[in-house]
Each structure stands twice: as C-alpha cells, then as structure tokens.
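Reading through the structure tokens given below for one structure.
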Amino acid sequence: MNSPIEDLKRDNIFRILINEFFLFYTNFPQKQFKNLFDQKIQIYNSKLTDYITKTDTKEKIALQKAIPFVKEKDYKKAIHTLDNVKTHKSLAIIGFCYSEQNDYETALKYHLQSEKLEPENAWNLSQIGFCYQKQNDYETALKYHLQSEKLEPENAWNLSQIGFCYQKQNDYENALKYHLQSEKLEPENAWNLSQIGFCYLMQNDYETALKYHLQSEKLEPENAWNLSQIGFCYQKQNDYETAYEISFAIRKIRT
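Numbering of the sequence shown is given in this note's numbering, commencing with residue 264 and proceeding in unit increments.
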C-alpha cells in the first residue's frame with residue numbers, strides 16, 4: 264500500500280497531465296489526432312512509472328543503508344540516513360532509534376507520524392504503546408498494544424507488554440492472562456516469568472509466584488528485583504532463613 268504522501272505526489276502528476284490532455288482536446292479534433300493522443304498516454308505512463316521507480320528505489324536504498332546502523336546500535340547515523348525519506352517505514356525506524364536512546368517523547372512523535380501513513384502496522388502500534396508506557400500513560404499504552412494484538416495476535420513481546428499495562432492499572436487477573444499467553448510463545452523470557460510471578464504474588468498465591476520467580480532466576484540469576492520477590496515469597500511462607508539468604512545475595516549484587 265502506498266503512503267498518502269506518495270499518492271498525493273502522484274495525484275499531482277495526474278492533474279498536470281490531465282490539464283495537458285484538456286488543452287490538447289480543445290485545440291485539435293479528437294478523431295484526427297487519435298494517434299497523437301495515444302502517444303501522450305504512453306508518455307504519461309512512462310513518466311509515472313519512472314517516478315514510482317525512483318521514489319521506491321530512494322526509500323529502499325535509504326533503508327538498506329540504515330538497517331546496518333540500527334543493528335550496530337549507531338542510531339544517530341541511522342536517523343541521519345533516513346531523515347529525508349518520509350515513508351511509514353522510515354518514520355517508524357527513526358522512532359525506534361530515538362526510543363533506543365531513551366528519548367521516548369521524540370520517538371513517539373515519529374511513530375505517530377508513521378501511524379498516519381500506515382494505521383494498521385502491528386509493530387509500529389506496539390512501539391507507540393511502549394513509548395506511552397515509558398511516559399507512564401498506561402491507559403493509552405494499553406489501547407495501542409491491544410490494537411497491535413488484533414493485527415498480530417501471537418507476538419510474545421507485545422502480549423507481555425499488554426500484561427504489564429494491566430499490572431500498572433492493578434488488574435492482575437487480566438495481566439496474568441496475557442503474561443501466560445506470552446509464556447506459551449516464549450517460555451524462557453526471564454522478564455516475563457518474573458512478571459507472572461509478581462501477578463501470582465499480588466493474588467496471594469505465593470507458592471506459584473515462587474515457582475515462576477525461581478524459573479526467572481535460572482535464566483537471569485543476578486536480577487536484584489526478581490531476587491527480592493523470591494525473598495518475599497519465602498517470607499510469606501514463613502521460611503525466614505531462606506528469605507534472609509536471598510536478602511544477603513541481593514546486597515552482594517548491589518555492592
């Protein structure tokens with residue numbers, strides 16, 4: 264699908280050529296100069312094809328140059344490479360580059376511009392949601408993540424972010440539902456496992472909470488926050504000795 268900006272530019276070419284046809288018709292008999300008119304159409308089609316090819320190539324070349332910079336985390340160079348290509352893809356990638364530099368306000372601006380050009384891009388919608396999350400607007404973030412889910416229902420990362428947005432609104436039942444869906448798709452995600460544990464913890468199911476926090480610890484043993492939740496779960500089950508050992512391990516990580 265072409266972006267509205269590309270379509271508008273191409274519409275302008277149509278208007279110019281239609282005006283040429285109109286002047287041609289008003290000055291010459293149509294039947295007599297049918298061959299000339301057919302030639303005009305061929306010239307127009309050639310011009311439009313050439314324009315489309317040049318436009319598409321310009322975007323493709325810029326993206327091909329920018330992607331290696333993104334992979335290398337050289338986000339400034341990636342942004343500079345894409346700055347003059349205002350397509351939904353380039354705007355979304357620029358937004359991502361700003362997001363990776365923790366500039367979520369600027370990132371959001373570019374992702375929203377991309378959304379105007381391509382409103383049903385699941386990845387871009389999820390990035391908009393993430394930018395709102397980082398600005399603590401969890402209600403709006405959830406709206407965008409859910410829109411993304413409709414288009415791409417089996418994206419583990421997006422499902423985990425939906426769960427997190429529900430958590431932040433104290434809806435641990437819905438949060439758990441989405442985190443568990445994410446776990447099915449990506450069972451060894453340490454962060455998501457810790458969030459599942461936290462949801463069970465907030466529903467006072469300390470035994471299940473501990474199970475998930477311990478799974479997370481195996482994958483990421485030096486996560487101080489997750490260890491603190493493990494300690495809390497042991498404490499709630501009256502195992503104060505293990506809870507103390509955990510607190511000691513946390514102190515070692517933080518020093």
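Even for Gly, the Cβ is constructed at its ideal location relative to N, Cα and C.
Span separating the alpha-carbon of residue i from that of residue j
i	j	result
N437	A325	41 angstroms
E508	R514	10 angstroms
Q410	Y503	45 angstroms
K339	Q500	50 angstroms
Y441	W386	18 angstroms
Q398	E368	8 angstroms
V348	E402	32 angstroms
K321	E335	22 angstroms
N384	Q466	35 angstroms
W454	W488	10 angstroms
E415	N452	19 angstroms
Q327	Q364	21 angstroms
A341	P331	8 angstroms
N433	K323	44 angstroms
T505	D337	44 angstroms
Per-residue DSSP class, three states only, for residue i
i	result
Q432	coil
V333	helix
T505	helix
D274	Any answer about D274 is weak, because its pLDDT of 48 lies below 50 and its placement is not dependable; what the coordinates show is given next. It is helical.
E480	helix
T369	helix
E415	coil
Q398	coil
Q466	coil
Q376	helix
K349	coil
Q498	helix
I327	First, the amino acid is wrong: residue 327 is Gln here, not Ile. In this structure, Q327 counts as helix in the three-state DSSP scheme.
Q364	coil
E485	coil
E522	Lying outside 264 to 518, the shown extent of the chain, residue 522 is not represented and no answer is given.
E451	coil
T344	helix
Own chain, CB closer than 6 angstroms to residue i, minus 5 neighbours either side, in chain order
i	result
L456	Y475, Q478 and S479
Own chain, CB closer than 8 angstroms to residue i, minus 5 neighbours either side, in chain order
i	result
Q390	A355, G358, F359, S362, A370 and H374
L422	E412, Y441, H442, Q444, S445 and L448
Cβ of residue i within 9 angstroms of any chain B Cβ
i	result
Q376	Considering every chain present, this structure includes no chain B. It has just one protein chain.
Nearest-angstrom beta carbon gap, residue j and residue i [assumed within contact, 8 angstroms]
i	j	result
E417	L448	6 angstroms
Q498	Q458	Actually they do not touch by this definition, with Cβ atoms about 20 angstroms apart.
T350	L380	7 angstroms
Cβ shell of residue i (< 7 angstroms), same chain only, five flanking positions each side left out
i	result
I425	L405, H408, L409, E412 and Y441
E493	Residue identity check: residue 493 is Ile in the sequence provided, not Glu. Closer than 7 angstroms at the Cβ level, and outside the excluded window around I493, lie L473, H476, L477, E480 and I509.
C394	S362, Y367, A370, L371 and H374
R517	A487
Problem - Stretch pair the stretch 398 to 406 + the stretch 373 to 385: three plus CB contacts closer than 8 angstroms - result: Contact fails: fewer than three Cβ-Cβ distances are below 8 angstroms.
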